[in-house]
Structure formats: structure tokens, C-alpha cells
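J.: Chains A and B are the protein sequences, given in the same order.
The opening residue of the first sequence carries number 19 in this note's numbering; numbering runs sequentially from there.
The opening residue of the second sequence carries number 3 in this note's numbering; numbering runs sequentially from there.
Idealized CB from N, CA, C, for every residue including glycine.
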Amino acid sequence: MSDNSMKSQDKNGTNKKNKNGNTSNPLDILQGRLIIILIMIGIAFAALFFNILFLQRKKEVEYNQKILSQQRYDSRDIPYKRGDILDRNGTYIATSEKVYNIILDPKLINTEQDKYLNASVGILKDVFGYSEEEIRGVIADKSDSSYVKYKQNITYDQKEAFEEKKKEYDKWYKDNKKDEKIGGIWFEESYQREYPYGSTACNVLGFAGNDGDGYTGIEQSYNNELVGIAGREYGYLNDESSLERVIKNPTDGNKVVSTIDLNIQKIVEKHISEWQSSVGSNMTAAIVMNPNNGEILAMATSRAFDLNNPRDLNNYYTAEQQAGMDDKAKVDALNNIWRNYAVSDTYEPGSPSKVFTVASAMEEGAINGNETYNCRGFEEIGGWKIRCANRNGHGEINVTEALMESCNVAMMDISRTEGGQNFYKYQKVFGFGSKTAIDLPGEADTSGLVHTADNAGATDLATNSFGQNYNVTMVQVAAAYSSVVNGGAYYTPHVVKQILNPNGSVIKNIEPELVRETVSAHTTAFINEALRRTVAEGTGSAAAVAGYDVGGKTGTAEKYPRGNGNYLVSFIGSVPAQSPEVVCYVLIDTPHLGDQARSAYASSLFSKIMTEVLPYMNIYSNVDENIDVSSFPSAEGITDSNTPAESKSYSTEEVIPNDGKNDLPGAPAGEGE
Amino acid sequence: MADDIKTKKPQKTEQEKKELINKAKKKGIKVERPKPPKPKEEKNKPKPKEEKKKTGRIYCDYTMLFMIIFLLVFGVIMIYSASSYTAGIKFKDSAYFVKNQIKYTLFGFVIFGVMMMIPYKLWVKKAYIWYIGSIVLSAAVLVIGKSVNGSKRWIVVGPVRFQPSEFVKVTLILFITYYLVKYKDELYSSDRKVTEHRLWWLFLWVIIPVVLVLVANLSTSIIIFLIALGMSFIGTSNKRLFTAGALTFAAVLASAKPLVKLLYSWGFRNYRIMRLLVWAEPEKFSRDGGYQVVQGLYAVGSGGIFGKGLGQGMQKFFIPEAQNDMIFSIIVEEFGLVGVLMILAVFAFIIRRMLIIAFSVKDLEGRYIVIGVVIHLSLQVILNIAVVTGVMPNTGVSLPFISYGGSSIVVLLAEIGLVYSVARTIKME
Numbered sequence: 019m020s021d022n023s024m025k026s027q028d029k030n031g032t033n034k035k036n037k038n039g040n041t042s043n044p045l046d047i048l049q050g051r052l053i054i055i056l057i058m059i060g061i062a063f064a065a066l067f068f069n070i071l072f073l074q075r076k077k078e079v080e081y082n083q084k085i086l087s088q089q090r091y092d093s094r095d096i097p098y099k100r101g102d103i104l105d106r107n108g109t110y111i112a113t114s115e116k117v118y119n120i121i122l123d124p125k126l127i128n129t130e131q132d133k134y135l136n137a138s139v140g141i142l143k144d145v146f147g148y149s150e151e152e153i154r155g156v157i158a159d160k161s162d163s164s165y166v167k168y169k170q171n172i173t174y175d176q177k178e179a180f181e182e183k184k185k186e187y188d189k190w191y192k193d194n195k196k197d198e199k200i201g202g203i204w205f206e207e208s209y210q211r212e213y214p215y216g217s218t219a220c221n222v223l224g225f226a227g228n229d230g231d232g233y234t235g236i237e238q239s240y241n242n243e244l245v246g247i248a249g250r251e252y253g254y255l256n257d258e259s260s261l262e263r264v265i266k267n268p269t270d271g272n273k274v275v276s277t278i279d280l281n282i283q284k285i286v287e288k289h290i291s292e293w294q295s296s297v298g299s300n301m302t303a304a305i306v307m308n309p310n311n312g313e314i315l316a317m318a319t320s321r322a323f324d325l326n327n328p329r330d331l332n333n334y335y336t337a338e339q340q341a342g343m344d345d346k347a348k349v350d351a352l353n354n355i356w357r358n359y360a361v362s363d364t365y366e367p368g369s370p371s372k373v374f375t376v377a378s379a380m381e382e383g384a385i386n387g388n389e390t391y392n393c394r395g396f397e398e399i400g401g402w403k404i405r406c407a408n409r410n411g412h413g414e415i416n417v418t419e420a421l422m423e424s425c426n427v428a429m430m431d432i433s434r435t436e437g438g439q440n441f442y443k444y445q446k447v448f449g450f451g452s453k454t455a456i457d458l459p460g461e462a463d464t465s466g467l468v469h470t471a472d473n474a475g476a477t478d479l480a481t482n483s484f485g486q487n488y489n490v491t492m493v494q495v496a497a498a499y500s501s502v503v504n505g506g507a508y509y510t511p512h513v514v515k516q517i518l519n520p521n522g523s524v525i526k527n528i529e530p531e532l533v534r535e536t537v538s539a540h541t542t543a544f545i546n547e548a549l550r551r552t553v554a555e556g557t558g559s560a561a562a563v564a565g566y567d568v569g570g571k572t573g574t575a576e577k578y579p580r581g582n583g584n585y586l587v588s589f590i591g592s593v594p595a596q597s598p599e600v601v602c603y604v605l606i607d608t609p610h611l612g613d614q615a616r617s618a619y620a621s622s623l624f625s626k627i628m629t630e631v632l633p634y635m636n637i638y639s640n641v642d643e644n645i646d647v648s649s650f651p652s653a654e655g656i657t658d659s660n661t662p663a664e665s666k667s668y669s670t671e672e673v674i675p676n677d678g679k680n681d682l683p684g685a686p687a688g689e690g691e
Numbered sequence: 003m004a005d006d007i008k009t010k011k012p013q014k015t016e017q018e019k020k021e022l023i024n025k026a027k028k029k030g031i032k033v034e035r036p037k038p039p040k041p042k043e044e045k046n047k048p049k050p051k052e053e054k055k056k057t058g059r060i061y062c063d064y065t066m067l068f069m070i071i072f073l074l075v076f077g078v079i080m081i082y083s084a085s086s087y088t089a090g091i092k093f094k095d096s097a098y099f100v101k102n103q104i105k106y107t108l109f110g111f112v113i114f115g116v117m118m119m120i121p122y123k124l125w126v127k128k129a130y131i132w133y134i135g136s137i138v139l140s141a142a143v144l145v146i147g148k149s150v151n152g153s154k155r156w157i158v159v160g161p162v163r164f165q166p167s168e169f170v171k172v173t174l175i176l177f178i179t180y181y182l183v184k185y186k187d188e189l190y191s192s193d194r195k196v197t198e199h200r201l202w203w204l205f206l207w208v209i210i211p212v213v214l215v216l217v218a219n220l221s222t223s224i225i226i227f228l229i230a231l232g233m234s235f236i237g238t239s240n241k242r243l244f245t246a247g248a249l250t251f252a253a254v255l256a257s258a259k260p261l262v263k264l265l266y267s268w269g270f271r272n273y274r275i276m277r278l279l280v281w282a283e284p285e286k287f288s289r290d291g292g293y294q295v296v297q298g299l300y301a302v303g304s305g306g307i308f309g310k311g312l313g314q315g316m317q318k319f320f321i322p323e324a325q326n327d328m329i330f331s332i333i334v335e336e337f338g339l340v341g342v343l344m345i346l347a348v349f350a351f352i353i354r355r356m357l358i359i360a361f362s363v364k365d366l367e368g369r370y371i372v373i374g375v376v377i378h379l380s381l382q383v384i385l386n387i388a389v390v391t392g393v394m395p396n397t398g399v400s401l402p403f404i405s406y407g408g409s410s411i412v413v414l415l416a417e418i419g420l421v422y423s424v425a426r427t428i429k430m431e
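1) Does the beta-carbon distance from A539 of chain A to G505 of chain A come in below 8 Å?
2) With three or more beta-carbon pairs closer than 8 Å as the criterion, would you say the stretch 443-453 of chain A touches the stretch 373-388 of chain A?
3) Would you say F180 of chain A and V156 of chain A are within 8 Å of each other, going by their C-beta atoms?
4) If you draw a straight line from the C-alpha of G400 of chain A to the C-alpha of K348 of chain A, how long is it?
5) In the DSSP output, what is F205 of chain A paired with across the bridge?
6) Do V348 of chain B and V421 of chain B have their CB atoms nearer than 8 Å?
7) Return helix, strand or coil for Y365 of chain A, following the three-state DSSP convention.
8) When the Cα atoms are used, what is the spatial distance from V533 of chain A to A462 of chain A?
9) What's the gap between the Cα of S86 of chain B and the Cα of E243 of chain A?
10) Counting only the same chain and skipping the five closest in sequence on each side, list residues whose C-beta sits under 7 Å from that of A301 of chain B.
11) Cβ closer than 7 Å: which chain A residues qualify as neighbours of G110 of chain B?
12) Would a check of beta-carbon distances place V162 of chain B closer than 8 Å to chain A?
13) Kindly indicate the opening and closing residues of the alpha helix (DSSP H) around Y585 of chain A.
14) Using C-beta distances below 6 Å, list every residue in its chain close to T470 of chain A, excluding the 5 sequence neighbours before and after it, in chain order.
15) Under the three-state reduction of DSSP, which class applies to G573 of chain A: helix, strand or coil?
16) Which of the three DSSP states is assigned to A322 of chain A in this structure?
17) Would T397 of chain B pass as an interface residue toward chain A - the criterion being a Cβ-Cβ separation below 8 Å?
18) Is the Cβ of Y81 of chain A closer than 8 Å to any Cβ of chain B?
19) Chain A partners of L357 of chain B, CB-CB under 9 Å?
20) So which residues of chain A does L339 of chain B contact, with C-beta pairs closer than 9 Å?
21) Kindly list, in the order they appear in chain A, the residues whose Cβ is closer than 8 Å to that of I377 of chain B.
22) Starting from D607 of chain A, follow the beta strand (DSSP E) in both directions and report where the run begins and ends.
23) What does the alpha-carbon distance come out to for the pair V100 of chain B and S114 of chain A?
Okay, structure coming up:
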């Protein structure tokens with residue numbers, strides 16, 4: 019630049035001489051002056067840059083705070099509607115009701131107190147009956163604020179009543195030429211989650227908190243579908259300083275259609291609570307599911323809570339107990355109540371697992387169903403005398419009878435023939451020790467609660483064969499049992515079948531997920547017939563439902579620690595026995611009786627539930643629809659058996675005598691041994 | 003700059019020749035210009051391509067073009083960042099402004115190409131026609147104009163709507179060029195009275211559109227006036243008027259803030275006074291129209307060195323029409339001081355490239371046009387940033403190539419087209 023200017027001056031000089039001094043040269047002046055302009059531009063650029071630099075250094079913190087503080091003030095979220103949850107018949111079992119919050123704008127009211135204050139306070143008092151002093155206090159205290167959430171959960175009717183009154187009052191003020199007006203009160207939309215059926219299906223449904231998140235159940239596991247996108251209203255002052263508002267509408271959440279049938283759920287819950295109020299237990303729970311696709315039709319436990327008021331401890335603790343709890347204890351107590359026993363708790367299954375022992379042995383060809391075993395009432399394994407329920411022994415007993423009589427000795431023999439390797443392979447196949455991946459939160463991890471072929475000793479194998487010394491969850495048993503009775507298809511148990519958009523059109527169908535094949539059709543046929551006979555003639559007789567072929571297996575598991583006389587009785591059954599359309603698993607943990615070890619408690623509960631559920635499900639009496647099992651080639655042995663079933667009578671209940679001789683060896687897998 | 007020094011000598015002789023020719027033309031004497039290349043071309047008809055290469059390529063500054071495209075693309079990205087939320091609400095299409103801007107830009111490039119191909123001399127020769135046309139349009143907008151955001155600045159013809167005041171900027175650059183070249187001798191006369199007489203006349207010509215535009219659009223009228231001032235400053239040898247002008251201007255600037263506050267304390271409360279008050283004390287009067295300025299200041303002040311990151315700014319929810327004049331505040335918020343430096347550097351680079359063209363080009367008209375465009379461009383950059391940072395009252399100046407707005411983009415690209423048209427006359431050796 020300096021070169022340039024020097025040169026131009028130089029030229030200027032010579033030019034003037036040439037032109038005799040009456041005109042100066044345009045080009046030189048142009049260049050000289052252009053440089054002046056350039057310098058001015060440069061100075062301006064630099065000045066602006068440093069201006070920004072100094073502005074930031076001086077105000078960065080302050081301005082950032084201001085930005086954050088006004089973020090709330092001028093714009094607000096418009097809530098979305100959380101998606102409804104429907105049962106399989108389209109009944110709304112969880113829904114969101116539009117409610118309103120009363121918002122006060124004390125700043126506005128205080129700008130023209132004479133005009134707004136009395137009118138606004140008056141109408142709030144007249145319509146809602148609020149204390150006048152309190153309102154005046156709020157308006158005075160928060161006089162600088164434009165947003166005070168005064169009351170929540172005002173219904174639509176209340177709001178309408180207010181709006182009508184407001185018109186009436188304002189008209190009156192106008193007619194009477196009073197310079198008063200109602201102002202500074204407005205309503206903000208909000209949603210309140212409602213569960214029309216209270217505690218029904220509470221374990222499956224879960225509930226949504228005020229923060230918009232779901233807790234437990236479908237509300238938690240399908241939270242992402244149920245939530246929508248909040249809209250936003252934001253205001254700004256335009257060129258003329260008037261406030262303009264722009265609204266972006268919210269997107270509502272999707273609807274979730276559950277596989278739960280509200281009516282079946284209600285039947286199950288009715289009988290559970292009847293049992294609980296008459297006899298009682300530590301825990302009574304039941305699962306009803308469709309064995310042919312894994313859909314859970316009902317899932318109930320006796321640990322219920324009101325979904326509309328989930329933090330209420332009154333049903334479980336007295337006022338005094340509650341007063342004595344600190345916050346942590348309360349949270350623990352609530353978490354315990356909300357816990358879904360059917361998914362989150364584990365226990366030793368007991369005799370229903372005999373079904374799996376027999377099925378796996380048949381699959382592996384270790385038995386063909388014609389074998390007989392000699393039960394002397396006990397068997398000695400690894401130095402332990404492991405007893406059968408029948409202290410005197412069942413004597414000569416075949417495989418079918420072993421299931422009917424729930425004989426432990428036969429199971430130990432079968433599992434020994436089968437071998438640990440195969441037995442534990444099938445535990446895996448049946449899904450024990452792994453999660454079922456049911457679409458409910460908090461499924462227990464049982465991987466450390468089962469034995470494996472590597473760490474199981476002879477006594478472990480023996481006790482595992484009749485369902486002791488390893489832990490399972492209810493859904494695991496129900497899903498595995500379903501696969502055995504349906505022909506071998508293991509479906510992921512699930513509680514949701516469809517996702518709908520807010521308008522009700524289908525976004526996604528949740529198809530039954532076939533995980534693996536567990537057993538063959540032949541095994542299924544054999545087991546189904548044996549289970550039918552178990553109910554018809556054997557230990558499961560209490561589970562019988564008049565007019566129906568019911569198949570099922572009882573269970574009477576001694577609880578750990580042993581020797582306390584505490585039992586977990588259960589019954590899992592399928593109807594119709596030969597081609598099941600419904601599976602129901604009933605479990606009673608520690609019945610409140612002196613004589614706990616009677617499976618009939620669970621079996622009769624099963625019978626009561628099924629007596630109502632089956633007609634509802636349009637499953638008709640099918641006694642004459644027996645499938646002739648003899649059509650399956652290798653099942654011939656049953657009908658050709660030397661011991662005709664009719665001539666023999668079996669014990670009609672699984673009862674373990676309370677004679678103090680029931681001690682089982684070892685502890686369940688996962689328990690410290 | 004070294005190039006310029008080298009080319010100085012031949013330029014000069016060329017210039018002198020032209021002056022002679024012009025003088026001759028005035029006196030009605032026919033001047034035969036020697037045309038040495040023509041017969042050559044005719045002779046060598048079989049291989050014209052090589053001939054062209056030998057005589058020198060046409061000058062085209064690709065680097066500058068690249069920089070301008072960079073600014074346009076950056077602008078589109080920033081417009082999306084600033085406007086997507088509001089556009090999504092208002093128009094159900096978050097890319098609404100971006101799509102429009104891309105359309106404007108493509109149309110702008112068509113105009114750019116046209117302007118580049120047409121010899122600029124044609125425009126200058128008929129400059130008075132454009133001048134009269136722009137006066138008519140500026141007057142028309144006051145009568146048949148359409149209001150947008152409260153200002154009557156738009157003329158709507160079928161689907162097309164444009165701001166005549168943007169059009170005035172180009173026509174005035176052309177007109178002043180015409181005027182300065184036409185009265186070159188008087189303007190460079192050593193007799194002060196002669197120069198001042200011409201300058202006052204020029205002032206009269208300029209003040210008509212300035213006043214017409216002033217009614218609806220203060221900022222554009224200031225820009226037009228300052229373009230005229232800058233160009234005439236370069237086009238004359240007179241010093242006295244400009245010294246006096248500069249001193250007056252400085253005095254007005256220095257006394258503006260106290261004066262406005264004084265007026266307010268005396269009870270003046272009208273619209274313009276309030277606007278100025280907002281400028282003098284933005285936070286105190288933020289509810290009186292200073293909202294946009296204050297929110298812009300918050301954005302600028304909170305940016306830091308590297309900014310909050312593209313799309314992370316929060317102020318776009320509060321700055322009304324953030325994609326227009328206030329877009330620089332969003333750039334500072336999201337890219338920080340680094341972004342500011344980058345933008346300023348790119349503009350400085352473009353200005354430098356244009357000045358190289360101005361120094362290299364051989365005739366006066368081309369030079370004045372380029373200088374006019376340089377002044378226009380730098381003024382808009384400076385005034386826009388000054389407004390955003392609270393140095394100047396909020397008047398509505400857009401940031402060249404970056405702010406949203408069809409008229410602005412098209413007119414700017416037309417001006418750049420003029421510059422490239424001028425640059426085409428440079429013979430590369």
C-alpha cells in the first residue's frame with residue numbers, strides 16, 4: 019500500500035507539470051483517496067471485531083444467564099397426550115384425561131390493580147371456592163411473575179363453568195359501567211393419567227408418573243411408544259412491540275394394545291383375592307396364556323396396588339409403621355409392592371418340572387414311555403436319602419404313572435438314565451437360566467440360579483429332576499410348559515400385540531416370536547395324555563373342570579431354608595388337554611395354613627379360574643374329541659400297557675407328609691452351599 | 003499489489019488516449035483509432051483458437067467467485083439453523099426459508115451471468131434511464147407498495163415481489179459513474195468553485211432518490227447516500243467539502259446519544275426517538291421495540307471464542323426473523339469469535355480482489371463501477387454488524403450474501419456480475 023501511495027504521489031508531481039497545473043490527474047487522486055477509504059473499511063472491521071470481543075469479555079456470563087432465564091419465561095411447552103393402553107378387546111385400561119392448571123399472572127393484575135384485582139380474585143372465589151386471602155397473598159408475593167401455577171387438575175367442566183361465569187361477570191361490569199375486568203387468569207392444558215379399573219392388571223400395566231415416564235409394566239417397557247412430543251408455544255415482541263405467539267402443536271403418543279383380556283384378568287384377580295381373604299398366603303399369583311403364540315391373557319399377583327394412587331402404602335402398612343419409615347424405607351417398600359412377582363421373583367418350581375424331565379428324556383430317546391420304575395419311597399444318592407412324597411413308595415410305576423403320582427424316585431431314575439449332559443442341555447432348551455425376553459421390565463436374571471452340566475453333582479441332578487435346587491420365574495415355567503403342550507414351539511411370552519397411532523390405525527403388529535423348537539409332536543402327545551390322566555385320575559384331580567379335558571401338573575416344592583415346613587404349591591394346566599388353547603399357571607407361596615404341603619390349594623384355584631375362563635373364551639367341552647394317541651407309532655405302549663388305567667386307583671392329591679423327613683440335599687443353585 | 007505497479011505505465015497511456023478521444027468526440031471531430039489486431043485476425047482465419055490464446059485470456063477471478071459461493075452456502079446453512087424452528091411452525095416446512103433462498107440464489111446467478119456477458123459500458127451509457135426508472139419505482143412504491151412487517155417497501159407484480167430500494171443501489175452506482183466520468187474535467191479542475199459547483203449538482207441528483215427511499219427505509223437511504231459520498235470522494239479533487247462533511251458527520255455521531263436522551267427527558271416520545279433510545283440504552287428500553295436488539299446482543303455476547311456449535315444457539319427462538327438482518331448474531335452465538343474472524347476475513351478478501359480488478363482495469367468507468375460495488379458491499383457488512391452489536395440504531399441492513407432475502411441477493415449478484423464484466427476487459431499477458 020505504501021509503495022502505491024508513494025508512487026502515485028510521484029506521478030502526481032510529473033503530471034502537474036505536463037498539464038500546466040490546471041487539472042490534477044484523476045487516476046492519482048483516485049488511488050490516493052481509495053486508500054483512505056480502504057483504511058476506513060479496515061478500521062471499521064477491526065473496530066467491530068474488537069467491539070464483539072469486549073462485549074463478550076464483559077457480558078458473556080451475564081448474557082448466558084439471561085438467555086437461560088428467559089428460556090422459561092417467554093415460551094412454554096404444550097403437553098402431549100400420553101398414549102392409551104387397551105386390552106385385547108379394545109377396552110381402555112389406561113388413558114390420559116385432559117385437565118387444566120390455573121395460571122395466575124400477578125404481574126398483569128398488579129399493573130392495573132384497580133381494574134383487575136377484585137374482579138379476578140372474586141371470580142376464583144365464586145367458581146372454585148378458593149380462599150380469597152390466599153389468592154391475594156399469592157398475587158402480592160409473586161407480583162413480578164407472569165406465571166404462577168395456582169391450582170392443578172381442574173376438570174374440563176370446571177373450566178367451562180369458569181369461562182361462563184367470566185363472560186357473565188364481565189358483562190355485568192360493562193353494563194354497570196364499572197372499570198373492572200377479569201384478567202390475569204388463564205388455563206394451561208395438562209394431562210392426568212387415569213386407570214379406569216384401579217388395581218386391575220396393575221403388575222402388567224404399571225403406571226405413569228407426573229414426570230411423564232412409565233414405572234413398571236407396559237407403561238415402562240413401552241414408554242418410548244407411549245410418549246409423544248411436547249408442543250411449544252413461544253412468544254416474542256414484534257417490531258411494534260406487541261407480543262406475538264406462535265404455537266407448534268404437540269404430537270400425541272401411540273396407543274398400545276395389550277394381549278391381556280380384561281375379563282380373564284378380572285376373573286383371575288377375583289379368585290386370587292378370594293383365596294387371599296379366606297386363607298391367605300405370602301404370595302398367590304397366576305398367569306393365563308395362549309400356548310400357541312405366547313400371548314399373556316392375564317397375569318395377576320396378590321401383591322396389588324391402586325394404579326391411580328400407586329404411592330399409597332395403606333394397604334400394606336399401618337399409619338404408625340408408615341410414620342416410622344424414612345424416605346429410603348418408603349421407596350424400598352414401594353418398590354417391593356410394585357415388583358411383579360410373576361416376572362421378577364424366582365423360586366424352586368417343584369413337581370411341574372417333572373414334565374420337562376420326562377419330555378427331555380423322551381426327546382433324547384433315553385426313555386420311550388413304556389419303562390417301569392420301582393419306587394421304595396426314597397432313593398439314596400451321594401449319601402443322601404432323597405424321599406418321595408409317598409413314604410411307603412409307589413411300588414412298580416411306569417412313566418405316565420410317575421407323572422400322575424408325581425413320583426420323585428422315577429424322576430431321579432429317568433434323569434440318571436438321560437444323563438446330566440442331556441438334562442442340562444434341555445434346561446437351556448426350555449429357557450431355564452435365561453430370560454424369556456417378555457416385554458415387561460425387571461425380568462429376573464436366573465443364569466446363576468440353575469446348575470449346568472459342568473457344576474452339577476449326582477444329588478443336584480437328582481433333586482433338579484423333580485424341580486428342587488434351582489430357581490425359575492413364573493413366566494419361564496409358563497412359556498416352557500406351553501412349548502411342551504403345543505407341539506414344541508417355544509414362543510416369547512408377551513403382553514403387547516399391537517401399536518396404534520393416536521388416530522387408531524395400526525403402526526406395528528407384534529407377531530408371535532418363535533424362538534426354538536423344544537420337543538417333537540410325539541413327545542407332546544405323550545405328555546398331554548399323561549397330564550390329562552394326571553387330572554382325570556391322578557394327583558391333579560382338584561384341578562378338574564366339569565365337562566373339559568384338563569391336562570396339568572401339580573407342584574409342592576419345599577422352600578429354602580429346608581425344614582421349616584414352608585412350601586410353595588402350584589398347578590400348571592392346559593385345556594383342552596390334547597390340543598391346548600389356554601395354559602394357566604397358579605402358584606401359592608407359603609399358604610397361611612398349618613398343613614401347607616397340599617397341591618390341591620393351587621389345583622382347586624386353577625379349577626375355579628378355568629371354570630369361568632373357559633366358557634368366556636368359547637372353549638367348549640371336548641371330552642369326546644380325544645385324539646387317539648395310538649395313531650402315533652411309538653406311543654403304542656401306553657394303551658397296550660399291561661396295567662389298564664381303569665383298574666388302578668391313584669392318589670388324587672400331591673401331599674407331602676409333614677413328618678420332618680423331607681430334608682433335601684444341598685441348597686438351590688445360587689444359594690450359598 | 004505488485005501487479006498493479008507493473009501495469010501502471012500502459013494504463014496511463016491508454017487513459018490519456020481515451021481522454022483525447024473523448025475531447026475530440028465532444029468537439030465533433032472524427033478520430034480514427036488504429037486497429038492493428040483486426041487485419042491479423044483475418045489473415046490467420048484457419049487457426050483462430052490459437053490466436054485468441056496468444057492475445058491473452060479473458061480475466062475471470064475464480065477465487066473470488068469461490069469465496070462468494072462459500073458465503074452463499076454458509077448463509078443457507080445459517081438460515082436453516084436460524085429459521086428451521088419458526089418455519090416449521092409457521093409454514094409446516096422447516097426448510098421454507100432455505101428453499102426460497104436457494105431459488106433466489108439460483109436466479110441471482112442467472113442475473114450474474116447476464117450482467118457479466120453484457121459489456122458494462124452499455125449500462126453506463128444509458129445510466130440516466132436507469133436513474134429515472136429507479137426514481138419512478140421509488141415513488142411508485144410509496145403509492146402502490148405492499149407492506150411487509152409494517153414497512154411499505156415492496157412492489158408486487160404477479161408472483162414477483164421486490165424492493166425497489168435495492169434496485170436504486172445499482173442504478174445509482176451506474177449513474178454516479180456516468181456523472182463522474184462525464185464531468186471528469188470539471189471535477190478534477192484545480193478551480194475549487196468549478197468542482198464544488200459540479201459536486202453540488204451531483205448532490206442534488208443523489209438527494210432525490212435518497213429522500214424517496216428515506217420515507218420507508220432509513221437504512222437503505224443512508225447506504226445510498228454513503229455510496230454516493232464515497233464514489234464522489236474518489237471522483238473529484240475537491241477536499242474542502244469532504245473535510246467539512248466528515249467533521250459534521252463525526253460531530254453528529256458523537257452527540258447522538260446524549261442528544262437522544264436529552265430529547266427523551268424533554269418529553270419527546272415518537273417512534274423514531276424511541277428507536278434511537280433503544281440504541282442508546284438497549285436494555286433499559288427493551289420493551290419499547292428494543293427487543294430484537296437486546297436479544298441479538300445476548301446472542302453476540304454469549305458466543306465465546308468457539309461458539310455454541312452449529313444449530314446449538316438458543317437465541318433464534320427469541321430474535322424475531324433471525325434469518326434476516328440479525329443472522330450475524332446467530333453466527334456469533336453458534337461460531338463465536340472464530341466465526342466472526344472467518345466472516346470478516348472472507349469479506350476482506352473479496353474486497354481486496356475487487357480492488358485488484360479496480361487497479362488493473364484500464365478505463366475510468368469500469369473503475370468507478372467496481373469501487374461503487376466495493377463501497378456498497380463493505381458498507382452493508384459494516385452497518386449490519388454495527389447494528390447487531392448495538393453500535394448503530396436498528397435500521398434493517400442485511401448482511402451481504404448471508405441474510406435471507408431475494409432482492410438483496412439478486413441485486414448483490416448483479417453487482418458482482420458488473421464487476422466481472424469490468425474484469426473481462428483486463429487482458430492477461
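T.: Checking against the coordinates, here is how it stands:
1) On the first sequence, residue 539 of chain A is found 521 positions in, with the first residue counted as 1. On the first sequence, residue 505 of chain A is found 487 positions in, with the first residue counted as 1. Yes. Within cutoff.
2) Contact holds: three or more Cβ-Cβ distances are below 8 Å.
3) On the first sequence, position 162 is the one that residue 180 of chain A refers to. On the first sequence, position 138 is the one that residue 156 of chain A refers to. Not a contact, by the Cβ cut-off of 8 Å.
4) Residue numbering aside, residue 400 of chain A sits at position 382 when the first sequence is read from its first letter. Residue numbering aside, residue 348 of chain A sits at position 330 when the first sequence is read from its first letter. Approximately 47 Å, taken between the alpha carbons.
5) Numbered from 1 along the first sequence, position 187 holds the residue referred to as residue 205 of chain A. DSSP lists A:I120 as the beta-bridge partner residues of F205 of chain A.
6) For the purposes of this step, residue 348 of chain B is taken as the residue at position 346 of the second sequence. For the purposes of this step, residue 421 of chain B is taken as the residue at position 419 of the second sequence. Remark: C-beta atoms of V348 of chain B and V421 of chain B do not approach each other more closely than 8 Å.
7) As a working note, residue 365 of chain A is residue 347 in the first sequence. Y365 of chain A: strand per DSSP, three-state reduction.
8) Here residue 533 of chain A refers to the residue found at position 515 when the first sequence is read from its first residue. Here residue 462 of chain A refers to the residue found at position 444 when the first sequence is read from its first residue. When the Cα atoms are used, V533 of chain A and A462 of chain A turn out to be separated by approximately 19 Å.
9) Numbered from its first residue, the second sequence carries residue 86 of chain B at position 84. Numbered from its first residue, the first sequence carries residue 243 of chain A at position 225. In a straight line, the C-alpha of S86 of chain B is about 26 Å away from that of E243 of chain A.
10) For the purposes of this step, residue 301 of chain B is taken as the residue at position 299 of the second sequence. Excluding positions up to five away in sequence, the list reads G315, Q317, I321, S331, I332, V334 and E335.
11) Taking the second sequence and counting its residues from 1, one reaches residue 110 of chain B at position 108. Chain A residues near G110 of chain B: none, gap ~24 Å exceeds 7 Å.
12) Working through the second sequence from its first residue, we reach residue 162 of chain B at position 160. No, V162 of chain B lies away from the interface with chain A (no Cβ there is under 8 Å from its Cβ).
13) The sequence position of residue 585 of chain A within the first sequence is 567, counting from 1. For Y585 of chain A, there is no enclosing alpha helix (DSSP H); the enclosing beta strand (DSSP E) has its first and last residue at Y585 to V593.
14) As a first step, residue 470 of chain A must be located in the first sequence, where it is residue number 452. Correct list, in chain order: Y442.
15) As a working note, residue 573 of chain A is residue 555 in the first sequence. Three-state DSSP puts G573 of chain A in a strand.
16) Translated into the one-based positions of the first sequence, residue 322 of chain A becomes position 304. Coil, per DSSP.
17) Along the second sequence, read from residue 1 onward, the residue named residue 397 of chain B stands at position 395. Chain A contact via Cβ: absent.
18) Along the first sequence, one-based indexing puts residue 81 of chain A at 63. For Y81 of chain A, the nearest beta carbon of chain B is closer than 8 Å to its own beta carbon.
19) For the purposes of this step, residue 357 of chain B is taken as the residue at position 355 of the second sequence. Residues of chain A passing the Cβ test: L52 and L56.
20) Locating residue 339 of chain B in the second sequence gives position 337, counting from the first residue. Listed along chain A, the residues sitting closer than 9 Å to L339 of chain B by beta-carbon distance are F67, I70, L71 and Q74.
21) Position 375 of the second sequence holds residue 377 of chain B. Result: I55.
22) Counting from 1 along the first sequence, the entry for residue 607 of chain A is found at position 589. That run of the beta strand (DSSP E) goes V600 to P609.
23) For the purposes of this step, residue 100 of chain B is taken as the residue at position 98 of the second sequence. For the purposes of this step, residue 114 of chain A is taken as the residue at position 96 of the first sequence. Straight-line Cα distance between these residues: approximately 38 Å.
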